[in-house]
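Report on one structure; see the data block that follows.
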Amino acid sequence: MAFMIAFQSLHIPVPPIPAVAKGIYSSPPVTESILRTNQPTPSASPSKDRLYTTSACLSTVSYRHLKTDPSTSTPHYLSEISSIHLNQNFFMASGNMTSQIPNKSFAQRQMEKMGHVEGKGLGKAGNGIADPIQATLRPNRAGLGYPGAEGTAPSFDTPRRTPEWKSNIIVITNLEPHAEPAYVARNLHEFSEDGKILKILTQTSYGRTIAYVTFANVELAQEAVEELDGNTSHANYKLKAGLVPEEAVPKDVKNFLLLSDYLKEKEKAITTSTVLITKLPVNHTQRNINELLEDIRMCNDDMEDEEDKVIIRASEVLEPGVGMIQFGSESAAECFVEEHDGTYWKNAPIYVKCVPDSDMQEFLKAKRLGRSGPKDVCVLALGLKAEWAKVTELKHILGSYTFQNANFSTKCDSATAFIFLTEAEAAALLTRHPKGLKHQGKWIALKLKDQKDKTRVEAVAKHIAPASARAPAAANLNHLVQKTAGLQLTGQKKAVGTAKSDGPCDVRVNNLAPAASKEHLRTLFKNFKTTKVVVVKNKGLGYVGLETRAEAQRAAKLLSGKQILNRTVSVTVV
């Protein structure tokens, strides 16, 4: 039989339990398991009876722990305990006794063991924080370590530190890859009035573009910095801008693109219903043209009045990356040019300008007759250094081989060139250099991008002599004559190449675009007095007559490398 005694704040005098040698009494550790020493009450004498205060809520004393005396059935100390009148008032805490253990957390008890006193600061000297850090819950899951931490980041509205010196030149960094002056000018549309911007230089290196912009005065430059620095460009790049002294601007600008070149081209602009789009992505050019026209077509679908709709008569791909669109009116073409010229599209700016309507008609006629010009073949040049990813450097690598267009893909310190050549040029290049080209001690591998072109190129390659038996190319023949002009052959007094020094002479323009016309050639030779202009569209050639051979040689030197309809042409003396 067992019984339970519940204590909340109980002071019980516990008499000493005699130890009996024969083991009649064997008591459990009552004072340890049931009673815990606290402090004596004022009503009891410490010398006679020790008072104990229990903090246990429930303790059990069982008969199985006791051995009673045979002469009596109840131990004497149990009878004293049972004589206590346990009423409800007895369990109530009195004012002069300890009622409960303070409710302290584990952390507080640990800190007290290490000597911390509540209300004082942390640390050996007590100079640390006195109030605990309060955890703050925010919906955006932001954690704050101390009060007032929110909103302490500097704002872009904070006045910036201005340099001691003043300059009318700013530098813009973190521009989009391959950003060009026309695109930078669009970002500075608030300063696009005549005379505010004097010059823009841009250069792309390792996929990053830097631009130097020269303004008419210091105030405009400072205003542009405040407008651009920290703002986002049209292609969602966060721009950085700052003033720079004139000495920081590179003097050698041969590798830079100039805004003046773009503005000169804009001065020649005409108003027609046909637009030419250049620098589109080489892959899927027609798809990109359709994406450019998507907004116009969606607006047409929403319009009920047929007269308000924008008419699109034709859209054609002249070559990879170049397209032509003919609208129903000049105003629609002019709006399209204004909206898209110089904008950033996919991975580079695109250029849009009006061209004669006859260009589209001639191209469509040639297309119907199956004479859309020589087919281009894309050859990959692998293993280029990043600094070689330029058209000028590629011309130096390929030497006498003429290509229509080239695009580059740069990754880290290496680059790949996508070279577009005619079938004949591609066949000559791959046949004579099957192992690739060597440039500055580095081998550059050459291969066709599309294996579907392999059959056509191999058919042309059968008629090409190997590299060892290669004859001087027509493009190099004039150069060879010029080099040997001052030499004399044995037994002759007349210099080589002087027989045709006087009289009219013709030059041949190679690699013309299918849409190139006589007007394009006259514009190219505007600084020369021409006697005739002929265009052979099905071969991509043009012939221009000049008054003297000296003028022809000067034209070949100055005009080779110029572009007509985004194609690099070469000029040779016939």
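356 is the number that numbering that gives the first Met the number 0 gives to position 357 of the sequence shown; each next residue is one higher, with no gaps.
Every residue gets a Cβ at the ideal spot worked out from N, C-alpha and C, and that includes glycine.
Status (buried if at least 16 other CB within 10 Å, exposed otherwise) for residue i
i      : result
ALA278 : As written in the sequence, residue 278 is Lys, which differs from the Ala given in the question. That one is buried.
TRP387 : buried
LEU488 : Per-residue confidence for LEU488 stands at a pLDDT of 42, beneath the threshold of 50, marking its modelled position as unreliable; no derived number is given.
CYS411 : exposed
VAL457 : Sequence inspection shows Glu at residue 457; the Val mentioned does not correspond to that position. That one is exposed.
GLN133 : exposed
VAL570 : buried
ASN346 : exposed
VAL224 : buried
MET302 : exposed
GLY322 : buried
VAL336 : buried
THR522 : exposed
HIS177 : buried
ASP375 : buried
ASN235 : exposed
ILE199 : buried
Where the alpha helix (DSSP H) through residue i begins and ends
i      : result
ILE324 : Element bounds for ILE324: not the alpha helix (DSSP H) but the beta strand (DSSP E), 321 to 326.
LEU558 : 548 to 558
TYR261 : 258 to 266
HIS395 : 390 to 397
GLN202 : From DSSP, GLN202 is part of no alpha helix (DSSP H) but of the beta strand (DSSP E) over 196 to 204.
LYS165 : Looking at the DSSP string, LYS165 is not in any alpha helix (DSSP H), and its letter there is neither H nor E.
CYS353 : Where CYS353 is concerned, there is no enclosing alpha helix (DSSP H), although the beta strand (DSSP E) it sits in stretches over 350 to 354.
VAL217 : 217 to 227
VAL574 : Missing from the structure shown is residue 574; the chain here goes from 0 to 573 and no further.
CYS504 : First-last for CYS504: 504 to 509, but that is the beta strand (DSSP E), not the alpha helix (DSSP H).
VAL183 : 180 to 186
ILE295 : 293 to 301
Beta carbon of residue i nearer than 7 Å to that of residue j
i      : j      : result
LEU275 : LYS195 : no
VAL309 : ILE295 : yes
ILE349 : VAL378 : no
ILE171 : ALA220 : no
ASN510 : THR391 : no
ALA332 : SER272 : yes
ASN216 : ASN167 : yes
ALA240 : LEU256 : no
LEU520 : VAL532 : yes
THR284 : GLY341 : no
LEU242 : ILE169 : yes
ALA555 : CYS504 : no
THR213 : LEU174 : no
VAL281 : ASN406 : yes
Whole-angstrom C-beta distance between residue j and residue i, which should lie under 8 Å
i      : j      : result
LEU258 : PRO180 : 4 Å
GLN403 : LEU420 : 7 Å
ARG507 : VAL573 : 5 Å
LEU393 : ALA416 : 6 Å
THR529 : LEU545 : 6 Å
SER516 : SER357 : 7 Å
LEU447 : LYS453 : 6 Å
LEU292 : ILE311 : 6 Å
Span of the beta strand (DSSP E) around residue i
i      : result
HIS438 : 436 to 438
VAL336 : Counting along the chain, VAL336 falls outside any beta strand (DSSP E), though it belongs to the alpha helix (DSSP H) covering 329 to 339.
ILE269 : Element bounds for ILE269: n/a, residue is neither H nor E.
LYS531 : 529 to 535
ALA210 : 207 to 214
Within the stretch 101 to 138, ranges of the alpha helix (DSSP H) (whole runs, at least 4 residues): 105 to 112
Start-end ranges of the alpha helix (DSSP H) lying completely within the stretch 413 to 450, minimum 4 residues: 422 to 431
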